[in-house]
Structure formats: structure tokens, C-alpha cells
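Chains as they are written, first to last, in the numbering used here: chain R, 1 to 307; chain H, 1001 to 1319.
Where is the CB? At the ideal position from N, CA and C, for every residue including glycine.
What you are looking at is a predicted structure, and each value in this text was computed from that prediction instead of being measured.
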Amino acid sequence: MDAVLSVSNLTKSFGDHLVLDDISFTLKKGETLGIAGESGSGKTTLGRTLLRLIEPDSGSIIFSGIDICKCTASEIRKLRKRMQIIFQNPYSSIDPYERVFDVIRAPLVNASAGRRAEQRKMVRETLGLVGLPVSAMDKRAGEFSGGERQRIAIARAIITSPDLIIADECVSSLDVSVRAGILRLLLSLQKELGLSYIFISHDLSSLKCMSHWIAVMYHGRFVEIAPSAVLFSEPLHPYTRELLASVLLPETGAREALRDSGSAEFPSSPFSGCLYAHRCPMRDKCSMRCPQLKEVSPGHSVACNFF
Amino acid sequence: MAEHVLDVRNLRAEYPSADGAITAVDDLSFSISKGECLALVGETGSGKSTVALSILRLGKALVSGEILLDGENILSLSECEMQRIRGRKISAIFQDSMSGLNPVITIGHQMAAVIRLGNKEARRQEVKEKCLSFLSSVGLDDVNRVYSSYPHELSGGMRQRVMIAMALSAGSQSLLVADEPTTALDATVQKGVLALLRDLIDEKGMSMLLISHDLGTVAAVADRVLVLYGGVAMEEGDISLFLASSLHPYSKALLKAAREDLFSLPVSEETVPGCRFAPRCDEAEERCFLSCPPIYNVGERKVRCWKYGACDGCSSFCQ
């Protein structure tokens, strides 16, 4: 299988704060890599760096054979058609005064694809795909609810039929009752068009149904990466276990689950050694030794001194 | 019968628009006792936030009906009197912490202003100590740094914790309105914040109106739940009964969507004269489309659905 995206040793820091620390992974065509982790772990920075919306410090990002770290601005512009992003917050990613037609066709305009009439046809089809009425086309984006605006954002991302879509918390703002509809839509688009996704989310249940692979990020590093099912059935890293344990289910025992939570302490300033050590129930000499990502079984890697 | 901290009667909220008023909340009545948490659940646009804003007398909706806070109808208060109540009797936490904080004032100064609302004579040192202790009580780590930071220097999760600390710091409250308080937070952090909110209810006897679309959050914190759909109450009752055997088809669908991966409700733009949920309901009958069902009592619970109007146990409706 050919890799759509192959990232090695990607590093980025803001000032002296290391946000992406030696990130490497490969994404195959038609597959989804889910990125889990809490806020501040670098998920969003990773997503944006992959599109070079943020310049990486070092490392390489090979997108279908082209190292996009070495591309010039105009080459990147051409590639943008093939790699799209769905942002987290549709209130800030879409101009509320713009007409929906103009919002959705913007990538086509950027790529100088098609005439206006053709674009109208494409927008109409895409609206149908994301579950919005065709009449939405001539309304202003501001007339729609948050959920509907996110559908508009998704329509904008898929209209150029890209190879790779980075979905940064794209269902976080949607109701549970419609969230599954969007996820199913993304899944069926993946099947039909062979799309690859980087699916960034803090919501483990959406990650579970979307991803083939899941990488768990903590303080800018991948601490565990495994096939989706394996990560849920045999989580190795203590942080992954903490994440899995923190899910609150709509069941009668939820109150008790809240009580027995070893509610997360909040990360203090980083120090040498394992960055998770101060929260880790298994820590030993971990504050001295910084663990590296190691493969423990085929496809399942973990960065923990215990493995 | 426990005293009601909040009593909402026949609340109706309308947003004026060019095509006539849009009713966001229609004839909604509920109450919250002391030390109780009522959760409002429902989808986007169901009117949850409008209810929260109406109780705070914020927002642009035209509100009618009665909102009794400790027996006083706050809808008849002047704006000046309302100022006295906000922050003292009612506090609020909103979802978007960035717009809740002033971006050009440090966290410490913003919190100090709130603390001074309750205690005008407090010395500066005293106020600072209070700030720091509230900040650490919400699980913030580096409180001195947070105290002197501007909102943009903190992560979303930290800002939300600051918001909660501010809501708590105002002093003795009757009611905390928490509109999606942990939606923007990480799961690991969310648990801690929810446990904190629940402690306030259990230990300090605070009452809380929790607004959330996340039924996991609701299950963990709430005592009772009120399901809103299109601005209308669909079901109201004890949380454990709701989770074990919800009555309304809409509640069932919401729970199913939360429990099962990839289940979603059908979407329909249709509006019918009858039950607002009918076009999306898989149990809808002909009468559901024609006339709106009243609220039926089922034991301690209330439900707005024709299914429960038949002769199954509620004798008062059988004639």
C-alpha cells in the first residue's frame, strides 16, 4: 500500500516551548490516523504543521512523494487542493456575512477550478452530501446554527476532492444526535473516494469509530500508537489508560465514576525524563529517564520506561 | 417538600426577527430545590442557552412568564436591582471562556473585581489570597502565574477553570447556572471539574442549573433532568429513572445516540402543527402530527407524548 503521508522527526517549538517533539508516522491511502490527547498536547499544531500552515523547525513531511517542507509557497498553493482541513470552530472558520455558495466554492476559486456555473453545480452536490438543503446556497453563513455551519465547513473541505483531510475536532461542536451523521458521512466519503484522514479529537468514542490507527499525544510527543481496536483493548501507556478511564458514560453509575476518579493533576512545568511522570501511577525512576517510542507488538508502539 | 431556590413558571422567550418573532422557549415551567442539580438537555437550538440567559436577564430575547429566585420575581426587577443579584445570588459559567474574560485585563484583576463585589472593604493582600485559593480550588497548578496572566496566555482548559473560580469567588450564591461548563475541556480535566461542581452541591448546598448536551456529564452531576426540544419541555424526571428507562421517544433517541457509535437521529426541517418532534420520531402516529400533546404525569415524572395519555395507569386522563 502506498503512503499518502509520511512524517519523520517533525519538530516545532514556540519560543523555548517544544510543541512537537520528534513526531514520526506513516499514513496509508484510505486510512485514518486518529490523534488523541488533551488540550495543549500539540494535536492542533501537528495538524496545521502537516499542511504547513505552521512552519516546522525540522523533520520532513512527505505528501504523496513530495516533501512539503521543501516546497515553495506557490507549490504549496497547488498542493492545497489535495489537502484540506476542517477546523474546530465554524464560528471563526467561516465568515458569517459571506454567502454559503462563496464559502464552499472558495477552494475551487483558489485552485482556479471550473467556471461559475460548474462551481454552482458542484456546490449543490456537495451540499447534498453534507445533509444541507440546496436552498442554503444563497443564504449567509451566519443564518445557520453551529452544527449546520460545521457542515458547510466540511462541504468546503471536500469540494476539491482532496486526498488528505485534516479534521481538527470537527465534530466537537456538533450535537451527539447529529455527530454520528457527520462521522458516517466522513466514513462513506473515505470509502468512495479513498480519502485519508488525520482525525484529531479529544473524544475517544468518535476516534474509535473513525480511526484505523490511533496515536496518543502528550506534551508534543506520541506516547502510544496502535491499531484502533488494540488501543482500546490493550492500552499500554499509563496516560492512555487515564484517558480511557476518564470517559463518562450516560449510565447510572456515572456519579460513582466521578467520585473514584483519580482526577487528573494538572501538568506543571516540564522537566527532564518522562513528562508524564508527575501524574503517573506507575512512576519509578521515570523522572530521570526519558522513554523513547518502542514497538512492543506489530504496529503497537509505546513510549514508557516500563515497556 | 424542599424549598425551591428557583421557580420558573410559563417562561416564554422570543427573538424578534424580520419575519416575526421566533419562539425559542415556549411555556416552560420547572423548579430547582436547594442543593439540587437540574440538567437541561437537548440539541443545538432547543432553547437551553436561552433559558440560562433569561434566568440571568441577559441576552436579547423578549421574556415573559415568571422566574422566581428565592421567591422574588426577577423579571420584574430593574436592571440596577438585577446587577445586585448577578454574581451574588446567581453566578454563571459559560462554555466559551475566551469571551467570558476580558482579554486586556489580568486574571488577578478580573477576579479581584468579583471578590470585591461581595466584600468592598477587603484589603488588597486579602483579596489576592482569596483569588489564589479559589484558583487552586479548581485544580489550577501554578496559581501565581495564572494570577498575573492575561487570558490569552492560558490554555482553554485553564481559562475555563478560571471562569469557574470566578463564579465561585463571588461569595454566597443561591444558584449556579452552568451552561456547557466542561464542553471545551479535556476528558481527564472534565472529571475533576465536574467532581468539583458536584462537591459544591453536596457540601455547600448550592443549587445548579446544568446545561449540557453531553449525557455522560449529566449522568455524573445531575439529580434531575429536563429534556428540551424546540423550546418545549419533553420529559422531566429523576436522572436514574431517565437513564434506566426514559419515556419520551426523543429522550430514548438521545440516549441511544450517546451510547451507540454511529447512531444518529433523522434530520427533518418539517414543521407540523402537532408534536414538534413528530417528523423525526420513529414512534409517531397520525395524531402526533395533528395536535400537540399536553404534559402527562407518569409517577413522579412528566412527559409530553401522546403515548402516555392512554389508560396505562394514569387514571386522571382516562375519562
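DSSP, read as helix, strand or coil, puts R115(R) in coil.
The beta carbon of E1283(H) is closer than 6 angstroms to those of P1249 in its chain, skipping five residues each way along the sequence. With three or more CB-CB distances shorter than 8 angstroms, the stretch 17 to 37 of chain R counts as touching the stretch 198 to 207 of chain R. Contact between I165(R) and L195(R) holds: CB atoms are separated by about 6 angstroms, below the 8 angstroms threshold.
Beta-bridge partners assigned by DSSP to G34(R): F199(R), I214(R). For D1238(H), the uninterrupted beta strand (DSSP E) run begins and ends at 1232 to 1238, by DSSP.
Leaving aside the five residues that flank E1270(H) on each side, the residues in its chain whose CB is nearer than 6 angstroms to its CB run, in chain order, P1279. Within the stretch 39 to 69 of chain R, complete beta strand (DSSP E) segments of at least 3 residues are found at 58 to 63, given in chain order. When Cβ pairs closer than 8 angstroms are counted between the two stretches, the stretch 215 to 231 of chain R is seen not to touch the stretch 146 to 166 of chain R, the count staying below three.
In the three-state reduction of the DSSP assignment, N1297(H) falls in the strand class, which pools E and B. Counting only the Cα atoms, M1206(H) lies some 6 angstroms from L1200(H).
The C-beta distance from S233(R) to I214(R) rounds to 12 angstroms, too long to fall under 8 angstroms, and the pair is not in contact.
At a cut-off of 8 angstroms, the C-beta of R48(R) has no neighbouring C-beta in chain H. For H1248(H), the nearest beta carbon of chain R is not closer than 8 angstroms to its own beta carbon.
Shown in chain order are the members of the stretch 169 to 180 of chain R whose Cβ falls below 9 angstroms from a Cβ of chain H: S172, S173, L174, D175, V176, S177, V178, R179, A180. Residue state for F14(R) is assigned as strand, using DSSP reduced to three classes. For the stretch 28 to 57 of chain R, the set of residues with a beta-carbon nearer than 9 angstroms to any beta-carbon of chain H comprises G37, E38, S39, G40, S41, in chain order. Look at the stretch 1155 to 1224 of chain H and you find these whole runs of beta strand (DSSP E), each 3 residues long or longer: 1175 to 1179, 1207 to 1211.
Against chain H, the beta carbon of A277(R) has no neighbour under 9 angstroms; the closest one sits roughly 15 angstroms away. Along the stretch 1181 to 1195 of chain H, the positions whose C-beta sits under 9 angstroms from a C-beta of chain R are T1183, A1184, L1185, D1186, A1187, T1188, V1189, Q1190, K1191, G1192, V1193, L1194, A1195, read in chain order. The criterion of a C-beta distance shorter than 8 angstroms is satisfied by S24(R) and V7(R).
Residue pairing from DSSP places R1086(H) in a beta bridge opposite I1090(H). Interface residue (Cβ-Cβ distance to chain R less than 8 angstroms): F1094(H) is not classified as such.
About 6 angstroms separates the beta carbon of S177(R) from that of S1264(H), a gap short enough to meet the 8 angstroms contact definition. DSSP places P1151(H) in the helix class (H, G or I) of the three-state scheme. At least 8 angstroms separates the CB of R1287(H) from every CB of chain R. Distance from the CA atom of A1113(H) to the CA atom of E55(R), rounded to whole angstroms, is 41 angstroms. For H1109(H), not one C-beta of chain R is nearer than 8 angstroms to its own C-beta.
Taking all protein chains shown into account, P250(R) has 16 or more neighbouring C-beta atoms within 10 Å of its C-beta and is therefore buried.
Per DSSP, the continuous beta strand (DSSP E) segment holding A1024(H) begins and ends at 1022 to 1033.
With fewer than 16 other Cβ atoms from the protein chains shown falling within 10 Å of its own Cβ, S1291(H) counts as exposed.
The count of Cβ pairs closer than 8 angstroms, one atom from the stretch 1044 to 1058 of chain H and one from the stretch 1072 to 1088 of chain H, reaches three, so the stretches are in contact.
The C-beta of K139(R) comes no closer than 8 angstroms to any C-beta of chain H.
Excluding its 5 nearest sequence neighbours in each direction, E1235(H) has C-beta neighbours in its own chain below 6 angstroms: V1227, L1247, H1248, S1251, V1303, listed in chain order. Along the stretch 223 to 257 of chain R, going in chain order, the ones with a CB nearer than 7 angstroms to a CB of chain H are E242, L243, S246, V247, L248, L249, P250, E251, T252, A254, R255, A257. Cβ atoms of V1162(H) and I1107(H) come within 8 angstroms of each other, at about 5 angstroms.
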